[in-house]
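In this note's numbering, the protein residues as written are 54 to 442. From the three backbone atoms N, C-alpha and C, an ideal C-beta is built for every residue, glycine too. In this text the structure is predicted, and so the values were computed from the model without any measurement. What follows is a short report on a single structure.
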């Protein structure tokens, strides 16, 4: 058996190889992050025994490992990706010296591989990786879109503070249409009767003539102060918002297409839409790699901290480690679940009766959801509310 530790970096990777007796086979091999470098790695691996007797491990370093993983899979070698925090703790447990370089890290990963259960990365991770990239990019753009809405609110506070409260503090399609077409309260105050029909069409008949007249009156008597600079800022922010919003919609179409093709069982749960399902699926990957739902809880950072020393033992707050993107999505799914399923609703009310605050009760619902997802995905059965308890 051979243990191959690879320390991954942007432009090159360091490799160290041990056998099962702890003897050094390759002390230090530098692999360029290129086709030539990967060919050198492949030649080194082929010089060893059968590929089934080779265990390869490296730290999870985001997109820097994607090309290496794809190369190893195409060459029919299994590999294991580990949390950098675990490797760091292992290194610190072996020495008190504060010495660190890439070759030492590669050697430490190889030694670490000898001490743990080897859990190879699932074959065919491309769809999951693509979905994860798309959902995380969408999350970035959604946050950017929200930032533009905040900037737009700040500008309106200067030029037309009555505008957003008039639309119940929401930027509806009608509100955005008015801002894009008329920009300032002066122009809104001068809107003619013929201007009403396009606004009514955008609102699908919800924006009445009476509201149109009230808006004109508010614009004519606003306490805001508009000028060319504020108008330029408003138009710039609106254009950026529309651009980002268009990209978000395009990404969502791609995500829905991918998750529909993969068809995970969690899509059958009422209250979980395709976007939420895509995020959960892509962040967890192959659920079968988790031996129990508690491991999935730990991965999402939803488990409580536990402290024990001597005769003292107590649980702490939620650890909030690992994927914050996954944890945020799971928590956001809880309200639709409560509204769409009686068992989840009853579970929430049970926790509230036990004295749990609203957010804590929701976290318990999220944990129950993880247990349900684990059962559905590992047994490959659709959701059946009658089997919930």
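- Look at the segment 255-300 and you find no whole run of beta strand (DSSP E) that is 3 residues long or longer.
- A straight-line Cα-Cα distance of about 14 Å links residue 118 and residue 186.
- In the DSSP assignment, the residues bridged to residue 55 are 72, 107.
- Residue burial is scored here from C-beta neighbours: residue 228 has at least 16 other C-beta atoms within 10 angstroms and is therefore classed as buried.
- The Cβ atoms of residue 395 and residue 324 lie no closer than 8 Å to each other.
- In terms of Cβ geometry, residue 233 and residue 291 form a close pair [threshold 8 Å].
- When the five nearest sequence neighbours on each side are left out, the beta carbons in the same chain lying within less than 6 Å of the beta carbon of residue 331 are those of 184, 188, 308, 312, in order along the chain.
- Separation of residue 198 and residue 294 (C-alpha to C-alpha, rounded to the nearest whole angstrom) is 6 Å.
- In the displayed model, residue 252 falls within a helix according to three-state DSSP.
- Boundaries of the beta strand (DSSP E) around residue 77: 77-85.
- Here the C-alpha atom of residue 377 lies approximately 19 Å from the C-alpha atom of residue 427.
- The count of Cβ pairs closer than 8 Å, one atom from the segment 407-420 and one from the segment 332-343, stays below three, leaving the stretches out of contact.
- According to the DSSP assignment, residue 100 belongs to no beta strand (DSSP E), since it is labelled neither H nor E.
- Here residue 319 is buried: its Cβ has 16 or more other Cβ atoms, across all protein chains shown, within 10 Å.
- Secondary structure note for residue 336: it is in no beta strand (DSSP E), and the uninterrupted alpha helix (DSSP H) holding it is 327-337.
- Counted as a single uninterrupted DSSP element, the stretch harbouring residue 119 is not any beta strand (DSSP E) but the alpha helix (DSSP H) occupying residues 119-127.
- A distance of 8 Å or more separates the beta carbons of residue 236 and residue 278.
- Only residues of its own chain outside the window of five on either side were considered, and among them 219, 241 have a CB closer than 7 Å to the CB of residue 268, listed in chain order.
- Under the 8 Å Cβ criterion, the segment 103-112 counts as touching the segment 154-171, having at least three qualifying pairs.
- For residue 112, the three-state secondary structure derived from DSSP is strand.
- Annotated as distal: residue 138 and residue 95, with beta-carbon spacing of 8 Å or more.
- Beyond the five residues adjoining it in sequence on each side, residue 441 comes within less than 6 Å, by CB distance, of 396 in the same chain, given in chain order.
- It is roughly 21 Å from the alpha-carbon of residue 256 to the alpha-carbon of residue 209.
- Pairing residue 223 with residue 304 gives a Cβ-Cβ distance that is not under 8 Å.
- Where residue 349 is concerned, the enclosing alpha helix (DSSP H) starts and stops at 346-353.
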